[in-house]
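Chains Z and R, in that order, give the protein sequences.
In terms of the numbering used here, the first sequence opens at residue 88 and continues consecutively.
In terms of the numbering used here, the second sequence opens at residue 88 and continues consecutively.
Protein chains: 2
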Amino acid sequence: MTLAPFVLDPQLASDTVAVSQLPLCEVRLMNDKRYAWLVLVPQRAGMVEISDLPDAEQAVLWQELNRVSAALRSVAPCDKLNCGALGNIVRQLHLHVVARREGDPAWPGPVWGHSPAQPYAGHALATRCAALLDALDRGRPQTVDDR
Amino acid sequence: MTLAPFVLDPQLASDTVAVSQLPLCEVRLMNDKRYAWLVLVPQRAGMVEISDLPDAEQAVLWQELNRVSAALRSVAPCDKLNCGALGNIVRQLHLHVVARREGDPAWPGPVWGHSPAQPYAGHALATRCAALLDALDRGRPQTVDDR
Numbered sequence: 088m089t090l091a092p093f094v095l096d097p098q099l100a101s102d103t104v105a106v107s108q109l110p111l112c113e114v115r116l117m118n119d120k121r122y123a124w125l126v127l128v129p130q131r132a133g134m135v136e137i138s139d140l141p142d143a144e145q146a147v148l149w150q151e152l153n154r155v156s157a158a159l160r161s162v163a164p165c166d167k168l169n170c171g172a173l174g175n176i177v178r179q180l181h182l183h184v185v186a187r188r189e190g191d192p193a194w195p196g197p198v199w200g201h202s203p204a205q206p207y208a209g210h211a212l213a214t215r216c217a218a219l220l221d222a223l224d225r226g227r228p229q230t231v232d233d234r
Numbered sequence: 088m089t090l091a092p093f094v095l096d097p098q099l100a101s102d103t104v105a106v107s108q109l110p111l112c113e114v115r116l117m118n119d120k121r122y123a124w125l126v127l128v129p130q131r132a133g134m135v136e137i138s139d140l141p142d143a144e145q146a147v148l149w150q151e152l153n154r155v156s157a158a159l160r161s162v163a164p165c166d167k168l169n170c171g172a173l174g175n176i177v178r179q180l181h182l183h184v185v186a187r188r189e190g191d192p193a194w195p196g197p198v199w200g201h202s203p204a205q206p207y208a209g210h211a212l213a214t215r216c217a218a219l220l221d222a223l224d225r226g227r228p229q230t231v232d233d234r
């Protein structure tokens, strides 16, 4: 059997920038300066619902969600994380993790569909990506070599 | 150590009705006839974020999400499931699973915060709960005694 290659959905590609590649998911940052907002995209072709992933890969997805959530919180302290897998517009399986603050533009409603993104300006996007990459790296599971 | 007893948040209690009790979560139906919409509430006191649950209970949560998702789809065929853990208003950890149809009132936006619920009328709530309970029971993990 030949597996179809994974190709990132063009809408996700245009709304977000790549931050890091974990074993299962690419971690991408939503280009919206109003929210610290990450998107995990399992690098598997043809997935739409979480349950489309084999059980073993679902387990990896949840480990990676924990790791990404901790990294996001360390970079962007927040009052509440919002996690969601919607996919009404972009069907390719992807998981949002958003650091919400009381009083942010969409608070207390969801960010999805609230209002058009406001892209980062200047070096702010690169700075945030670097901070996230560093936090993700600090949170990587230890191997024997690390000890 | 004495564990605090779990008490369901009063807002969740008033918005939803109990359908079933799984090993970790109570499964509740949102009383909004416009959507087939379930809420999983881990029966653990003091939990706010998914990562507050111990790893072993997170694993149970995801198993129960799969089981509930399958039951929901069998009762309410849909175009897309929407799963979300928000908690901006009700902080007690809970996970939404909503069967979305193209053209439903909030489509393609999220259901959260869209508009006030429209309660089920007559026997419709009981009928839906019974169908969900039956579907959840068909999807329960097999034990040796079941074979």
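All residues carry an ideal CB built from backbone N, CA and C; glycine is no exception.
**Request:** Confirm, please, whether the CB-CB distance from Z/Val162 to Z/Ala218 is below 8 Å.
**Result:** Against the first sequence, residue 218 of chain Z aligns to sequence position 131. Against the first sequence, residue 162 of chain Z aligns to sequence position 75. Taking 8 Å as the Cβ cut-off, Z/Ala218 and Z/Val162 qualify as a contacting pair.
**Prompt:** Shortest alpha-carbon distance to Z/His201 belongs to which of R/Ile176, R/Leu116 and R/Gly196?
**Reply:** Position 114 of the first sequence, counted from the start, is the residue given in the question as residue 201 of chain Z. Closest by alpha carbon: R/Gly196.
**Asked** When we look at the beta-carbon of Z/Ser107 and count the other beta-carbons within 10 Å, is it buried (16 or more) or exposed?
**Response** Along the first sequence, read from residue 1 onward, the residue named residue 107 of chain Z stands at position 20. Z/Ser107 is buried by the Cβ-count criterion.
**Prompt:** Which one or two residues does DSSP pair with Z/Arg187 in a beta bridge?
**Reply:** Residue mapping note: residue 187 of chain Z aligns to position 100 of the first sequence, counting from 1. The partner list for Z/Arg187 (beta bridge, DSSP) reads Z/Lys167.
**Asked** Run through DSSP, which three-state label would R/Gln98 get?
**Response** The residue given as residue 98 of chain R occupies position 11 in the second sequence. Three-state result, R/Gln98: helix.
**Item:** Rounded straight-line distance, which links the Cα of R/Cys216 to that of Z/Leu168
**Value:** The sequence position of residue 168 of chain Z within the first sequence is 81, counting from 1. The sequence position of residue 216 of chain R within the second sequence is 129, counting from 1. If you take the alpha carbons of Z/Leu168 and R/Cys216, they lie about 30 Å apart.
**Item:** Counterpart residues of Z/Val147 in DSSP-defined beta bridges
**Value:** As a first step, residue 147 of chain Z must be located in the first sequence, where it is residue number 60. Paired residues: none, contrary to the question.
**Request:** Using three-state DSSP, classify Z/Ser156 as helix, strand or coil.
**Result:** Start at 1 with the first residue of the first sequence, and residue 156 of chain Z comes out as number 69. Three-state result, Z/Ser156: helix.
**Item:** Rounded separation between Z/Ala100 and Z/Pro203 - CA only
**Value:** Numbered from 1 along the first sequence, position 13 holds the residue referred to as residue 100 of chain Z. Numbered from 1 along the first sequence, position 116 holds the residue referred to as residue 203 of chain Z. Taking the straight line joining both Cα atoms gives about 16 Å.
**Prompt:** chain R partners of Z/Arg131, CB-CB under 9 Å?
**Reply:** Locating residue 131 of chain Z in the first sequence gives position 44, where the first residue counts as 1. Within 9 Å Cβ-Cβ: nothing; Z/Arg131 doesn't reach chain R, min ~17 Å.
**Request:** Step through the CB atoms of chain Z and report whether any lies within less than 8 Å of the CB of R/Trp149.
**Result:** Counting from 1 along the second sequence, the entry for residue 149 of chain R is found at position 62. Closer than 8 Å: yes.
**Asked** Would you call Z/Arg227 buried or exposed, if buried means 16 or more other Cβ atoms sit within 10 Å of its Cβ?
**Response** Counting from one through the first sequence, the residue named residue 227 of chain Z turns up at place 140. Answer is exposed; the Cβ neighbour count stays below 16.
**Prompt:** Which residues in the same chain have their Cβ closer than 8 Å to the Cβ of Z/Glu144, if we skip the five residues on either side of it in sequence?
**Reply:** Working through the first sequence from its first residue, we reach residue 144 of chain Z at position 57. Counting only Cβ-Cβ distances below 8 Å, and skipping sequence neighbours, we find Leu111, Pro129 and Arg131.
**Item:** Under 8 Å between C-beta atoms of R/Leu127 and R/Leu152
**Value:** To locate residue 127 of chain R, count along the second sequence from 1; it is residue 40. To locate residue 152 of chain R, count along the second sequence from 1; it is residue 65. The answer is yes: Cβ separation under 8 Å.
**Prompt:** For the region 172 to 204 of chain R, which residues have a beta carbon sitting closer than 7 Å to at least one beta carbon of chain Z?
**Reply:** Ala172, Leu173, Gly174, Asn175, Ile176, Arg187, Trp194, Pro195, Gly196, Pro197, Trp199 and Gly200
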